[in-house]
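Report on one structure; see the data block that follows.
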Amino acid sequence: MAVRVRRLCPGFWATPTATLSTVRSTVSVPTGAATSRTYMRASDGTVLVSDSATTTVHGQRATHGGTPGVTASQTTYAYDHTGRLTQVQDTNTSAVCTTRSYTFDNPHTGQATTRYGWVGGKQRSSETLTGLTLMGMRLYDPAAGRFLSVDPIRGGNANAYDYIQADPLNQYDPDGKICWSCGFKAVGRASWKYKWDIALTAANFIPVAAPAVWAYRAYRIVKVARVARGMGGGIRASRATSWPAGRALVGRGSRSFGQGLGRISRNGLRQWRRPQMKADGFRKPNFQYRSSAKVKWKNNYHVYHRRWW
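Its first residue numbered 63, the sequence shown is counted upward by one per residue in our numbering.
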């Protein structure tokens, strides 16, 4: 029985690494005329589709991330920085198929229908009967450039139905919850004004022996929180990352307040509150700052934590 992937571009097929002997789960669905279609998930995560009317088992293969991926040394898939499938190349014949689409997943005029194109690197199929794309938690409408349901995470995007703050060229939201990189890019020029303050504050606390990736992530949290305006949030991080970020925000000489509730900077302008369960069901710490020690905390940034750590 042959095993091949479903068409990603006209004329392009590839052999997945999974075989029928590694299939771990199946689901059969009647399709009429005494035939059925069986969906199988292999041990490596590959989804195979078997049609009882034929002897062919179809599958699908898409590589995560923005780097090219190779399947069975036959086909190379290239993705851009947002996960969009841009090119499929047959390594045996050197034939190349290029996919093109306008922003928000609207294909170019004359572009052949492809299953994985826009955000294809995140395995988001564009080949649906309704024309809608399932982005994890929510359905996305390419024609409107909007989600069809409310964002489950407050502050995840510009508004409840917005898709990545209307910037599909640089950002993406494959799970329908939070716009990835929006929080970091939004601060842009504003954070440059405080670049030395942010850098020195972070450097003063984060130990030299700390893993570089922790230091970098903590610095990014401080960078965003330092220039946030009003109530906001959106960054997701582990507690191991946000804790040094909080200490970096308040800096050296900070003091504890409220019996371990958090810490406040020496000049009283920056404050970090320990993670607490909020009304939306998420555990989040507060990164706060103000212009004067005599005014209320008007600028309050929340960082989303994983449930248990």
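C-beta atoms are modelled at their ideal positions from N, C-alpha and C, and glycine is treated no differently.
query = What residues in its chain sit with their C-beta under 6 Å from that of A222, if we drop five residues either side in the sequence?
reply = Result list for A222: V212, D213, in chain order.
query = At which residues does the beta strand (DSSP E) containing Y202 begin and terminate?
reply = Bounds of the beta strand (DSSP E) holding Y202 are 200-203.
ask   = Whose CA, out of F319, Q321, S304, R325, lies closest to the CA of G313?
value = For the residues F319, Q321, S304, R325, the minimum Cα distance to G313 belongs to R325.
task = Compare the Cα-Cα distances from T195 to each of K356, D237, D342 and report the closest residue.
result = The residue among K356, D237, D342 with its C-alpha nearest the C-alpha of T195 is D237.
query = Who are the Cβ neighbours of S327 in its own chain at under 8 Å, not counting the five residues just before and after it?
reply = Same-chain partners within the cutoff: L311, V312, G313, G315, S316, Q333.
inquiry  = Using only the alpha-carbon positions, how far apart do Y202 and P306 sit?
reply    = So the alpha carbons of these two residues sit roughly 36 Å apart.
inquiry  = Looking at the secondary structure, which residues open and close the beta strand (DSSP E) in which K346 lies?
reply    = Residue range 345-351 is occupied by the beta strand (DSSP E) that includes K346.
message = Can you check which of these residues, T303, S353, A299, is closest to F344 by C-alpha distance?
response = Minimum Cα distance to F344 is reached at A299.
query = Any idea if A287 is buried or exposed, counting beta-carbon neighbours within 10 angstroms, 16 or more meaning buried?
reply = It counts as buried.
Span of the beta strand (DSSP E), counted from its first residue to its last, around W334 = Per DSSP, W334 belongs to the beta strand (DSSP E) from 332-339.
message = Quick check on this structure: which residue in S354, F319, G320 has the alpha carbon closest to the alpha carbon of N329?
response = With distances taken between Cα atoms, N329 lies closest to S354.
query = So the beta strand (DSSP E) N221 belongs to, where does it begin and stop?
reply = That residue, N221, is in no beta strand (DSSP E); it is neither H nor E in DSSP.
query = Quick one: what's got a C-beta closer than 7 Å to W359's C-beta in the same chain, skipping five residues either side?
reply = Result list for W359: Q333, Q350, R352, in chain order.
query = Which one or two residues does DSSP pair with G324 in a beta bridge?
reply = Answer is F319, R335.
task = Could you please give me the residues that DSSP links to R208 through a beta bridge?
result = Under DSSP, R208 forms a beta bridge with D203, D224.
key: Beta-carbon spacing of K340, V365 below 8 Å   = For the 8 Å CB-CB criterion, K340 and V365 do not form a contact.
request  = Work out the CA separation of G193 and G320 for me, nearest whole Å.
outcome  = Roughly 53 Å between the two C-alpha positions.
key: Nearest-angstrom Cβ-Cβ length linking L323 and R335, presumed shorter than 8 Å   = The C-beta distance from L323 to R335 rounds to 6 Å, short enough to fall under 8 Å.
request  = Helix, strand or coil for L194, going by three-state DSSP, please let me know.
outcome  = Three-state result, L194: coil.
inquiry  = Assuming contact is defined by CB atoms lying nearer than 8 Å, are R208 and M197 in contact in what I supplied?
reply    = Judged by their CB atoms, R208 and M197 are not nearer to each other than the 8 Å cut-off.
Per-residue DSSP class, three states only, for P236 = P236: coil per DSSP, three-state reduction.
ask   = On the three-state DSSP scale, how would you describe S304?
value = Three-state result, S304: helix.
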